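Numbering (this note's numbering), first residue to last: 167 to 384.
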DNA sequence: ACCCAGGGTCATA
DNA sequence: TATGACCATGGG
């Protein structure tokens with residue numbers, strides 16, 4: 167068992183199954199993936215609740231919306247003007263592609279390429295959507311992942327998204343969607359619950375994955 | 001008052 | 001290719 171695998175098993179025994187992504191529908195996952203860009207999930211939930219109350223959490227309804235009426239509903243999740251436009255750009259693409267029934271039969275690599283062509287969808291958002299809405303075997307890299315694994319000495323902090331993703335996908339023997347799903351969720355759980363509240367890392371299940379006090383790491 | 005969050009785009013060098 | 005500015009709210 168290599169270090170990538172042992173870190174997973176330590177996280178899993180510490181926190182247990184996370185059952186991601188928290189959402190009622192695949193479309194809600196995609197909307198959430200855009201709204202959570204550089205934003206705390208609690209604030210995303212408020213924006214999603216606003217959309218749900220306005221009956222706007224489906225593609226057909228969103229398509230008949232403007233950025234002007236969308237922005238106020240997205241306010242709690244921050245960057246509301248930007249995200250209103252990103253959401254519209256995504257929904258226009260999504261409907262033009264024939265929505266889920268058509269998209270689900272496209273090969274993963276091709277689907278990823280098309281997602282990345284949408285303005286406002288970058289590598290992490292695309293991979294969130296691929297893994298959690300389409301159940302594709304891609305490993306999602308986020309800021310927590312890069313920080314934790316560079317602190318543990320496995321990668322440089324400057325390692326690019328694609329290189330880091332390839333690194334994870336290569337080091338996991340069990341090439342399994344459920345594993346990739348759980349691993350990313352556990353990393354986020356660990357990042358939220360431990361690395362912030364216990365900066366000395368003294369009770370951290372990963373041993374010094376947190377910054378030493380007083381030491382900066384850009 | 002400060003730092004950061006489940007990023008991405010665009011302009012500059 | 002690689003930084004920097006910008007987007008903006010809410011919690012700790």
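All C-beta atoms, glycine included, are put in the ideal place defined by N, C-alpha and C. Computed from a prediction, not measured in an experiment: that's the story for all the values here.
Cutoff 8 Å; reference residue i; Cβ partners in own chain excluding five residues on either side
i	result
residue 116	This structure cannot speak to residue 116, because the chain is shown only from 167 to 384.
residue 296	274, 277, 278, 281, 302, 304
residue 177	349, 352, 353, 355, 356, 371, 372
residue 444	Residue 444 is absent from the model: the chain starts at 167 and stops at 384.
Close beta carbons around residue i, own chain, < 7 Å, minus the five adjacent residues each side
i	result
residue 255	284, 285, 286
residue 259	284
residue 225	193, 257, 260, 261, 265
residue 294	199, 306
residue 130	This structure cannot speak to residue 130, because the chain is shown only from 167 to 384.
residue 381	Confidence in residue 381 is poor, its pLDDT being 44 and thus under 50, which makes the residue's placement unreliable; the coordinate value appears in the next sentence. Here the set comprises nothing.
residue 384	Since pLDDT at residue 384 reaches only 37, below the 50 mark, its modelled position is unreliable, and the value read off the structure follows with that caveat. Hits under 7 Å: none found.
residue 202	210
Contacts around residue i, its chain only, beta-carbon distance under 6 Å, and the 5 residues preceding and following it disregarded
i	result
residue 269	263
residue 274	302
residue 180	371
residue 318	375
residue 314	375
residue 229	257, 261
Residue i in three-state terms, based on DSSP
i	result
residue 274	helix
residue 347	helix
residue 372	coil
residue 338	coil
residue 291	helix
residue 329	helix
residue 281	helix
residue 355	helix
residue 314	helix
residue 173	helix
residue 382	For residue 382, the predicted structure reports a pLDDT of 40, less than 50, and the residue's modelled location is therefore unreliable. A value from the coordinates is still provided. Residue state, collapsed to three classes: coil.
residue 300	coil
residue 322	coil
residue 178	helix
Nearest-angstrom beta carbon gap, residue j and residue i [assumed within contact, 8 Å]
i	j	result
residue 338	residue 330	About 13 Å; that fails the 8 Å criterion.
residue 233	residue 251	5 Å
residue 347	residue 310	That belief does not hold up - the Cβ atoms of residue 347 and residue 310 are roughly 16 Å apart, past 8 Å.
heavy atom of the ligand FAD below 7 Å from residue i C-beta
i	result
residue 316	What this structure holds is no ligand at all, so the ligand FAD is not there to describe.
Exercise for the section: Please go through the stretch 182-263 and give each complete alpha helix (DSSP H) segment of 4 or more residues, from N-terminal end onward. Expected result: 192-201, 207-219, 225-229, 233-240, 246-262
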